[in-house]
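J.: Below are the structure tokens for one structure; questions will follow.
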Amino acid sequence: MIASFKPRARTLMGPGPSDVNPRILEALGRTTIGHLDPQFIEMMDQIKQLLQYAFQTKNELTLPVSAPGSAGMEACFVNLLEPGDKAIVCINGVFGNRMVENVKRCGATAVTVEDDWGKPVDPNKVEAALQANPDAKVLCFVHAETSTGARSDAKTLAGLAQQHDCLTIVDTVTSLGGVELKVDEWGLDAVYSGTQKCLSCTPGLSPVTFSEKAAEVIRNRKAPVQSWFLDMNLVMGYWGGGAKRAYHHTAPINALYGLHESLVILQEEGLENAWARHAKMHASLAAGLDALGIGFVVKSDYRLPQLNAVTIPEGIDDAAVRGKLLQDYDLEIGAGLGALAGKVWRIGLMGHSANAENVALCLNALETVLI
Ligand code: PLP
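First residue of the sequence shown? That's 0 in my numbering, and the numbers climb one at a time after it.
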């Protein structure tokens, strides 16, 4: 007979998922109630308010999509793009490429702006692309590229898009809760994230927010959204608020308890304090790695504190080191992705994982394993 699955605890310092706060694990186990129960509906309203705080927005159309970050990504693309539209997509890592795939599958055309992996999106190239493509409907970019650890200047890029009357689709899967993100102040239009990174919640939900301008575009589409499940016009029948909520899909009740708790924790700490904690833990990890002679892929000016891509020292067996960290220290760090596979490790300091004990564990373990 197969026994119940009871995994060994690990310390998660990879590119996500991050360590889940025990308060969230406790919340997940609370009694399941109906998805139209008045208590549940009250909690949904609170999730919306808490997400508005996390995203720094007043957008009405703010909710968690009931599926992982990739579904939030897809929700932004399928709702804003129609066949024949044109999108400018910035690629400086794995997730920009995934955006291009989404554009194509919407029957739209992607104009790409490429930057080297490990560098931020270059605003000059974006400006040139916007000038050359006055018919572009959206500018798409990744705020925090998890494959490299580079942060792009979302405020400047969104400003350029606005000057050219272009909407923005912005990936904040790794940035939300970890570094400054101001959806309204920066004028971002369609923004998606994930729960398993700096919110330290379990994977499987994707917070999204749409500006009024984006919501208007969605309401006035010529063709219906090709995805029934992700069509915001339909999802809002359930998430839209007020007394008239109707069944759309069965919400992941307990997963939403977890998200609620993670956002309560973020609110208690305060967004700015959470950003400062990530920066402080990064500084102490960077000092320790420097002492070990391990260098960073990304320059400090635009490096993400929560995703540290470091160069694997010469002659070191990537998989063997990661295997030893897992086996001897129950410590997970991430492998390189795409073009950086085998060349870098990605050490995450995300959400609950961004703490002094984790930094010390990682540095001690690496020092011992690398001797
Ligand atoms: N975008 C970025 C920048 C990510 O890092 C990830 C996941 O790592 C995703 C999108 C996709 O999220 P998920 O794996 O939750 O579908």
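Backbone N, C-alpha and C fix where the C-beta goes; we use that ideal spot for every residue, glycine too. Model, not experiment: these values are computed from the prediction.
How long is the line joining the alpha carbons of residue 46 and residue 258, rounded to whole angstroms?
T.: What you label residue 46 is simply residue 47 of the sequence shown in a count that begins at 1. What you label residue 258 is simply residue 259 of the sequence shown in a count that begins at 1. Each residue's Cα considered, the two are about 8 angstroms apart.
J.: Do residue 56 and residue 263 have their CB atoms nearer than 8 angstroms?
T.: As a working mapping, residue 56 is identified with position 57 in the sequence shown. As a working mapping, residue 263 is identified with position 264 in the sequence shown. Contact: no.
J.: Since residue 305 contacts residue 177 with CB under 8 angstroms, what's their CB separation in whole angstroms?
T.: As a first step, residue 305 is located in the sequence shown; it is residue number 306 there, counting from the start. As a first step, residue 177 is located in the sequence shown; it is residue number 178 there, counting from the start. With a Cβ gap of about 4 angstroms, residue 305 and residue 177 count as contacting.
J.: Between residue 347 and residue 3, what straight-line distance do the alpha-carbon atoms span, to the nearest angstrom?
T.: Here residue 347 is taken as the residue at index 348 of the sequence shown, counted from 1. Here residue 3 is taken as the residue at index 4 of the sequence shown, counted from 1. Put simply, the backbone Cα of residue 347 is about 30 angstroms away from that of residue 3.
J.: With a threshold of 7 angstroms (Cβ to nearest heavy atom), would residue 170 be considered close to the ligand PLP?
T.: To locate residue 170, count along the sequence shown from 1; it is residue 171. Yes, the beta carbon of residue 170 sits closer than 7 angstroms to at least one heavy atom of the ligand PLP.
J.: Between residue 224 and residue 20, what straight-line distance do the alpha-carbon atoms span, to the nearest angstrom?
T.: On the sequence shown, position 225 is the one that residue 224 refers to. On the sequence shown, position 21 is the one that residue 20 refers to. Their Cα atoms are separated by approximately 37 angstroms.
J.: Please work out which residues of its chain come closer than 8 angstroms, Cβ to Cβ, to residue 218, disregarding the five sequence neighbours upstream and downstream, and give them in chain order.
T.: If you number the sequence shown from 1, residue 218 lands on position 219. Result list for residue 218: 232, in chain order.
J.: Helix, strand or coil: which one does DSSP assign to residue 307?
T.: For the purposes of this step, residue 307 is identified with residue 308 of the sequence shown, where counting begins at 1. Looking at residue 307 - three-state DSSP - the assignment turns out to be strand.
J.: Given a threshold of 16 other Cβ atoms within 10 Å of its Cβ, counted over all protein chains shown, does residue 335 qualify as buried or as exposed?
T.: Walking along the sequence shown from the start, residue 335 turns up at place 336. Buried: at least 16 other Cβ atoms inside 10 Å.
J.: Taking the alpha-carbon positions, what's the residue 155 to residue 186 distance?
T.: Counting from 1 along the sequence shown, the entry for residue 155 is found at position 156. Counting from 1 along the sequence shown, the entry for residue 186 is found at position 187. Their Cα atoms are separated by approximately 10 angstroms.
J.: In the DSSP assignment, the alpha helix (DSSP H) including residue 267 goes from what residue to what residue?
T.: As a position in the sequence shown, residue 267 is number 268, starting the count at 1. Per DSSP, residue 267 belongs to the alpha helix (DSSP H) from 252-268.
J.: Mapping DSSP to helix, strand and coil, what is residue 197?
T.: As a first step, residue 197 must be located in the sequence shown, where it is residue number 198. Three-state result, residue 197: coil.
J.: Have a look at residue 386 and residue 107 and give me their C-alpha separation to the nearest angstrom.
T.: Look at the range of the chain in this structure, 0 to 370, and you will see that residue 386 is not part of it.
J.: Check for me: the beta strand (DSSP E) holding residue 344 runs from which residue to which?
T.: For this step, residue 344 is matched to residue 345 along the sequence shown. Note, residue 344: beta strand (DSSP E), 343-347.
J.: So what does DSSP say about residue 105, is it helix, strand or coil?
T.: Looking up residue 105 in the sequence shown gives position 106. Correct three-state label for residue 105: coil.
J.: For my contact list, residue 376 and residue 136 are in at a C-beta cut-off of 8 angstroms; report their separation, rounded to the angstrom.
T.: No answer is possible for residue 376: the residues shown for the chain start at 0 and end at 370.
J.: Would you list, in sequence order, the uninterrupted alpha helix (DSSP H) runs of no fewer than 4 residues that lie entirely inside the stretch 51-84?
T.: 68-79, all fully within the stretch 51-84.
J.: Within a Cβ cutoff of 6 angstroms, which residues of the same chain sit near residue 92, ignoring the five residues on either side of it in sequence?
T.: As a position in the sequence shown, residue 92 is number 93, starting the count at 1. 116, 144, 146 and 147.
J.: Is residue 12 near the ligand PLP, in the sense that its beta carbon is under 7 angstroms from a heavy atom of that ligand?
T.: Translated into the one-based positions of the sequence shown, residue 12 becomes position 13. No, since every heavy atom of the ligand PLP falls outside the 7 angstroms radius drawn around the Cβ of residue 12.
J.: Is residue 13 helix, strand or coil by DSSP?
T.: Locating residue 13 in the sequence shown gives position 14, counting from the first residue. Three-state result, residue 13: coil.
J.: Closer than 7 angstroms to a non-hydrogen atom of the ligand PLP - does that hold for the CB of residue 173?
T.: For the purposes of this step, residue 173 is taken as the residue at position 174 of the sequence shown. Because some heavy atom of the ligand PLP lies under 7 angstroms away, the Cβ of residue 173 counts as near it: yes.
J.: Given 8 angstroms as the limit, is there contact between the stretch 2-17 and the stretch 347-361, that is, 3 or more CB pairs closer than that?
T.: yes
J.: Where does residue 199 land, buried or exposed, given buried means 16+ other C-beta within 10 angstroms?
T.: Counting from one through the sequence shown, the residue named residue 199 turns up at place 200. Answer is buried; the Cβ neighbour count reaches 16.
J.: Between the Cα of residue 260 and those of 302, 246 and 29, spot the shortest distance and give me the residue it belongs to.
T.: As a working note, residue 260 is residue 261 in the sequence shown. Among 302, 246 and 29, the Cα nearest to that of residue 260 belongs to 29.
J.: Hey, out of 340, 216 and 202, whose CA is closest to residue 189's CA?
T.: Looking up residue 189 in the sequence shown gives position 190. Among 340, 216 and 202, the Cα nearest to that of residue 189 is on 216.
J.: Can you say whether residue 142 is buried or exposed, counting buried as having 16 or more other CB atoms within 10 angstroms of its CB?
T.: Counted from its first residue, the sequence shown places residue 142 at position 143. Buried, because 16 or more other Cβ atoms sit within 10 Å of the Cβ of residue 142.
J.: Closer than 7 angstroms to a non-hydrogen atom of the ligand PLP - does that hold for the CB of residue 226?
T.: Looking up residue 226 in the sequence shown gives position 227. Taking 7 angstroms as the cut-off, the C-beta of residue 226 does not count as close to any heavy atom of the ligand PLP.
J.: How big is the Cα-Cα spacing for residue 273 and residue 204?
T.: Here residue 273 is taken as the residue at index 274 of the sequence shown, counted from 1. Here residue 204 is taken as the residue at index 205 of the sequence shown, counted from 1. Going by the C-alpha atoms only, they are around 21 angstroms apart.
J.: Have a look at residue 308 and residue 365 and give me their C-alpha separation to the nearest angstrom.
T.: As a position in the sequence shown, residue 308 is number 309, starting the count at 1. As a position in the sequence shown, residue 365 is number 366, starting the count at 1. The alpha-carbon atoms of residue 308 and residue 365 are separated by roughly 14 angstroms.
J.: Pick helix, strand or coil for residue 210, following the three-state DSSP scheme.
T.: Counting from 1 along the sequence shown, the entry for residue 210 is found at position 211. Looking at residue 210 - three-state DSSP - the assignment turns out to be coil, as it is neither helix nor strand.
J.: Note down the Cα distance separating residue 139 from residue 160, rounded to an integer number of angstroms.
T.: Taking the first residue of the sequence shown as position 1, residue 139 is located at position 140. Taking the first residue of the sequence shown as position 1, residue 160 is located at position 161. The C-alpha of residue 160 is placed about 10 angstroms away from the C-alpha of residue 139.
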